[in-house]
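For reference, the structure is listed below as structure tokens.
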Amino acid sequence: HAAGDAAREVARLCRRAMLELHVGDLASARESRRLARDAFLALPPTIQAPEGCAGLRHGALSGALEAYVTVAASIAFFDTGEFPIPTDLLAEGTPTTTPTSAAALDDAEYVGGLLAAAQELSRYSVRRATRQDVRSVSLCERSVEALNGALLDFDFRNGPLRKKYDGLKYALRRLVDLLYEMSLVAESTTPPPPSDDETPTTTTESPAYVEALAAIRARFEAFDEAREKVIKRSRDVQKHSKQAIFAAHRGDTAKARALEQLARKDAAAILADPDLMPQWPVLRRTGAFSACLEEFAEAALFNRWLAALGGGAPPPQTSEDAVPSAAEEALPLIAPPASLGLPELSAEEYLGGLADLTGEVGRVAVAAATKRDNARRAAQQGEECLQA
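If you want it as structure tokens, here you go:
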């Protein structure tokens, strides 16, 4: 709840700050930015960290912080003529809350915020062009062009950043067209050429934010490489888990358990690899890895459910009123998460595997009925799984 409340408050203050910028009230926009910053820094340090508190930082809060970057970057541009670096966004101004060592902006939040700020500069330039403010439009055009140049080497995957980067090219084209159209205005309304003092000086030094983007690009590339490794190795976990389920359906208990153990070993190796999850905690929420753990949970639960029926074989041929043996009663129908041998398994992944288990239980009952076997007990236990 704290993360959600903070996200709504930060987003509300950022919308207000942007409206104040649109009407030219820079002082009020600075105050709204400061309040938005303080609302974020009032959160516990575990949520302030980009990888903290089991992903609470992501979602609505991450989107609100991206809006905060847009506002803060726009204000910094109007003050200095350049975009700020990430560390300045939470430290600038005269805040009433001191940032903790955990407080930081995620790389994606920073890049997305800069891309949105470039769109704001494009809108601002349209308003300045109506007043023939060539100097302001030229400054915006040069800054957006520099930002575009710094992002050209990025390999954005399909997603929000890719869409926003595609919009940057259109914003730059709009600024170039504005300058061309302004040059067609009559000479009487064209400002005189700038003096030597007003002419922007060309320097070989890149702006600080360009160097920050180069470092972010290197991290993006390292992350993408680690992500590809996780996806590739997750296929082995999923393959072995599926094969374990197939072997269990065929009654090959030993092979099913061996494949389950192999899947568990592969998943644990991915989690323990120092170049993957420990270095990039966000990879833990990768869809492919989470899906393979769900498949593993299904295989492990299925093996244990079959063991509760009688050692992994199909339901035994007993009379409908037969009393279960003591060994069968000792085994739970639904194995608890701790018994699956993978402590890192999340509650969502365990529940996903449990939901898929019901399908396997139904297949066992259908197979028993096909053989004219007494499937009543399997069906009853499947119903108990569904009720649980």
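According to the numbering used here, the sequence shown holds residues 2 to 389 in order. C-beta: ideal position from N, C-alpha, C; glycine also. From a predicted model like this one, the values you see are computed outputs, not experimental measurements.
Which of the three DSSP states is assigned to residue i in this structure?
i	result
L106	coil
L214	helix
W281	coil
V362	helix
H250	helix
D154	coil
P85	coil
A8	helix
G113	helix
H241	helix
R129	helix
L343	coil
P338	helix
P275	coil
L91	coil
H23	helix
G288	helix
K233	helix
K266	helix
G353	helix
P46	helix
D80	helix
G64	helix
S207	coil
K256	helix
D225	helix
If contacts are defined as beta-carbon pairs under 8 Å, then residue i and residue j qualify, I think. What distance do you get, rounded to the angstrom?
i	j	result
V112	L66	Wrong, their Cβ atoms sit about 12 Å apart, outside the cutoff.
Y351	A298	5 Å
C141	L116	The pair is not a contact, with the Cβ atoms about 14 Å apart (cut-off 8 Å).
Q133	G168	Rounded, the Cβ-Cβ distance is 26 Å, inconsistent with contact.
L341	F303	With a Cβ gap of about 11 Å, L341 and F303 do not count as contacting.
L277	K233	Wrong, their Cβ atoms sit about 11 Å apart, outside the cutoff.
L91	R38	6 Å
L284	A216	With 8 Å as the limit, L284 and A216 do not qualify as a contact, their Cβ atoms being about 20 Å apart.
Within 10 angstroms of its Cβ, does residue i collect 16 or more other Cβ (buried), or is it exposed?
i	result
V177	exposed
N159	exposed
Y125	buried
P161	exposed
Q239	buried
R128	exposed
R265	buried
D267	buried
T71	buried
R258	buried
G114	buried
H241	buried
E361	buried
R143	exposed
L44	buried
V367	exposed
R364	exposed
E295	buried
G25	exposed
E21	buried
L346	buried
D107	buried
T204	Unreliable placement is indicated for T204, whose pLDDT of 47 sits below 50; no coordinate value is reported for it.
V186	exposed
In the DSSP assignment, the alpha helix (DSSP H) including residue i goes from what residue to what residue?
i	result
F41	L27 to L42
D178	P161 to S184
Kindly examine the ligand ADP and report whether one of its heavy atoms sits closer than 8 Å to the Cβ of residue i.
i	result
D253	The ligand ADP is not part of the structure shown, which contains no ligands of any sort.
Is there a Cβ from chain B that is less than 9 Å from the Cβ of residue i?
i	result
A4	The structure shown contains no chain B; it is built from a single protein chain.
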